[in-house]
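Worksheet for the structure shown next.
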Amino acid sequence: NAGVTQTPKFQVLKTGQSMTLQCAQDMNHEYMSWYRQDPGMGLRLIHYSVGAGITDQGEVPNGYNVSRSTTEDFPLRLLSAAPSQTSVYFCASSPGGVSSGANVLTFGAGSRLTVL
Amino acid sequence: QQPVQSPQAVILREGEDAVINCSSSKALYSVHWYRQKHGEAPVFLMILLKGGEQKGHEKISASFNEKKQQSSLYLTASQLSYSGTYFCGTTFGNEKLTFGTGTRLTIIP
Chain U
216 NAGVTQTPKF QVLKTGQSMT LQCAQDMNHE YMSWYRQDPG MGLRLIHYSV
266 GAGITDQGEV PNGYNVSRST TEDFPLRLLS AAPSQTSVYF CASSPGGVSS
316 GANVLTFGAG SRLTVL
Chain Z
-1 QQPVQSPQAV ILREGEDAVI NCSSSKALYS VHWYRQKHGE APVFLMILLK
49 GGEQKGHEKI SASFNEKKQQ SSLYLTASQL SYSGTYFCGT TFGNEKLTFG
99 TGTRLTIIP
């Protein structure tokens, strides 16, 4: 039981390049989300999904795309990387929606992205 | 809309108590507390729902004051292992869990 797996752990991109951060969970969780963490800014929600085929925007969605074709996977795509997207990215999942108060987020180990 | 945490940072000696506050300008539905150690992923501590309940977890407990739209995390007789950054997350009846900017807690021997 691996939990939430993020790849890659580290990535360096040049401005304008595109890439996909992978997130997979093996816990059959319905809810998945992506956060970015920057110094002094806390964790900011980028996108989230309450189930396969359903995604929605968080606080800072611009420049990112997501899709949820399966329950297990929730990739985050950077369309045209910018230096402002340099950050640590965390994927998280929970059995159900976070509003119920009964569901706990399990975080992946994080992916550190640098955009030059 | 991010909740506001205070203080931003605190340094304690082992055995001292700490209180971390989390407040919102909007009516809260639930408050989630997580702790993150340096270089690691955040880890769940507890969830509180509106209704003013208090929860405990060994020497860490929390309260939720619906009227004040505020939650407080209490760390009693702090241990070295309590060091880290504490985040509160809030929901407003939807599925967006929004975190504050964090409170860095340093425990010294």
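Note that the protein sequences, when read in sequence, are chains U and Z.
Just so we're aligned, residue 216 is where the first sequence starts under this note's numbering, counting upward by one.
Just so we're aligned, residue -1 is where the second sequence starts under this note's numbering, counting upward by one.
Even glycine gets a Cβ: it sits at the ideal position worked out from N, Cα and C.
So for residue i, helix, strand or coil by DSSP?
i: U/L300; result: This sequence places Gln at residue 300 of chain U; Leu is not what is there. If DSSP states are grouped into helix, strand and coil, U/Q300 belongs with the helices.
i: U/S326; result: strand
i: U/V313; result: helix
i: Z/S79; result: helix
Which residues bound the beta strand (DSSP E) around residue i?
i: Z/H30; result: S28 to Q34
i: Z/F90; result: Element bounds for Z/F90: n/a, residue is neither H nor E.
i: U/Q221; result: V219 to T222
i: Z/V41; result: V41 to L47
i: U/L331; result: First-last for U/L331: undefined, no H or E at that position.
i: U/L382; result: The displayed coordinates of chain U run from 216 to 331. Any statement about residue 382 of chain U would go beyond what the structure contains.
Quick check on the burial criterion: 16 or more other C-beta atoms within 10 angstroms. Buried or exposed for residue i?
i: U/R251; result: buried
i: Z/Q3; result: buried
i: Z/T83; result: buried
i: Z/I105; result: buried
i: Z/I9; result: exposed
i: U/L331; result: exposed
i: Z/R11; result: exposed
i: Z/T99; result: buried
i: U/A317; result: exposed
i: U/T329; result: exposed
i: U/I269; result: exposed
Sort out for me which residues DSSP pairs residue i with in a bridge.
i: Z/S21; result: Z/V2 and Z/Q68
i: Z/A7; result: Z/R102
Are any of the Cβ atoms in chain A nearer than 8 Å to that of residue i?
i: Z/P40; result: Protein chains U and Z are contained in the structure displayed, whereas chain A is not.
**Item:** Complete runs of the beta strand (DSSP E) confined to the region 226 to 288 of chain U [at least 3 residues]
**Value:** 234 to 240, 246 to 253, 257 to 266, 269 to 272 and 279 to 281
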